[in-house]
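With my numbering as the guide, the letters of the sequence shown map in order to residues 590 to 826.
One structure is given here, and the rest of the page talks about it.
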Amino acid sequence: MPIPTAHIACKKEDFAKTVLMPGDPLRSKFIAETYLDDAVLVNDIRGVQGYTGYYKGKRVSVMASGMGQPSIGIYSYELFNFYDVSSIIRVGSCGSFQPDLKPCDIVVAMGACTNSNFASQFGLNGNFAPIADFGLVRAAADQCEKMGVNYRVGNVFSSDIFYNDVYSDLDWRKLGVLGVEMEAAALYCNAARAGKKALCICSVSDYLLDMSQNMDADSRRTAFTKMMEVALEIAEE
590 MPIPTAHIAC KKEDFAKTVL MPGDPLRSKF IAETYLDDAV LVNDIRGVQG
640 YTGYYKGKRV SVMASGMGQP SIGIYSYELF NFYDVSSIIR VGSCGSFQPD
690 LKPCDIVVAM GACTNSNFAS QFGLNGNFAP IADFGLVRAA ADQCEKMGVN
740 YRVGNVFSSD IFYNDVYSDL DWRKLGVLGV EMEAAALYCN AARAGKKALC
790 ICSVSDYLLD MSQNMDADSR RTAFTKMMEV ALEIAEE
């Protein structure tokens, strides 16, 4: 596909080698305005804002993915395959399955279970296990330790369904899955296919056994600063 693509309108060199990818375009804007020096808006097609700037002298980009695996599947594919991006770090939110993970705690998604058929496109004779890049996982865990934040490393559940009419996602906690989000598995599949690096870091937005702890939309956009800082610190040039 020629550049610009149908979803990203900029030159190849407008993106840094590492792209932070929140779901919410306004979180992308918040990260750029709060943390990046000399941030430039490089994409705004469909309101999906992408910026490139400098964090502590290191060139970094941030662009939203939208919600769900089909959406991040499009953007991550184009960034990896058409824009020469080397690493994508998803910075999103998740619902916690575990009582020791409370709002604003961090989940480093080493693996991503899923109910999606995203990986069926690869024609494999079996089920692919989507995993993160180990170097990024280790760097994120080390950075969380350095910053003194509460975090866990493990599996997440990437669901294609937000409002589930059939069964409870809580069944996944029987196998130690930490929480539910909607994008990591597709991101990891695309990274594996392209031979690139990916990691999903999530801030807990709610504990699914006590929904009174839910965070509102504004808080989800601006309160997850520790997660953002971890991702920025480990971003590779």
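By construction, the Cβ of each residue, glycine as well, lies at the ideal position given by its N, Cα and C atoms.
Fair warning: this is a prediction, and the values are worked out from it, not measured in the lab.
Asked, Found
"Quick one: Cα of Y796 to Cα of I677, how far?", "26 Å"
"Compare the Cα-Cα distances from F723 to each of A621, M699, C778, S705 and report the closest residue.", "M699"
"Within the chosen definition, does the region 616-623 reach the region 659-678 through at least 3 CB pairs nearer than 8 Å?", "no"
"Between the Cα of K647 and those of Y664, D627, Y756, Y666, spot the shortest distance and give me the residue it belongs to.", "D627"
"For N706, name the three-state secondary structure that DSSP assigns.", "coil"
"Does the separation of the CB atoms of V769 and I790 fall below 8 Å?", "no"
"I'd like the list of long-range same chain contacts for S685, defined as Cβ closer than 6 Å, with 5 residues on each side in sequence excluded.", "G768, V793, Y796"
"Taking Cβ to Cβ, would you say K786 is nearer than 8 Å to S675?", "yes"
"If you draw a straight line from the C-alpha of V631 to the C-alpha of K763, how long is it?", "43 Å"
"Could you compute how far the alpha carbon of A780 sits from the alpha carbon of N706?", "16 Å"
"Using three-state DSSP, classify A698 as helix, strand or coil.", "strand"
"Shortest alpha-carbon distance to A730 belongs to which of P719, K815, A605, T623?", "K815"
"Reducing DSSP to helix, strand and coil, say where L630 ends up.", "strand"
"Between Y640 and D673, what straight-line distance do the alpha-carbon atoms span, to the nearest angstrom?", "16 Å"
"Among R635, E622, Q687, which one has its Cα closest to the Cα of I597?", "R635"
"Given S665, which residues of its chain have a CB within under 6 Å of its CB, disregarding the five upstream and five downstream residues?", "I677, L776, N779"
"Decide if T623 is buried, meaning its Cβ has at least 16 other Cβ atoms within 10 Å, or exposed.", "exposed"
"Considering just the uninterrupted stretch of the alpha helix (DSSP H) at M623, what are its terminal residues?", "The residue you asked about is not Met; residue 623 is Thr in the sequence shown. Its alpha helix (DSSP H) spans residues 614-624."
"Where DSSP assigns a beta bridge to E770, which residues make up the other side?", "S747"
"By the three-class DSSP mapping on this structure, what secondary structure does C789 have?", "strand"
"Does DSSP put I720 in a helix, in a strand, or in coil?", "strand"
"Could you check which residue in M652, A595, L690 has the C-alpha nearest to that of D603?", "M652"
"What three-state label does DSSP hand Y756 in the structure shown?", "coil"
"Can the beta-carbon of L625 be found less than 8 Å from the beta-carbon of Y643?", "yes"
"Would you say A728 and V745 are within 8 Å of each other, going by their C-beta atoms?", "no"
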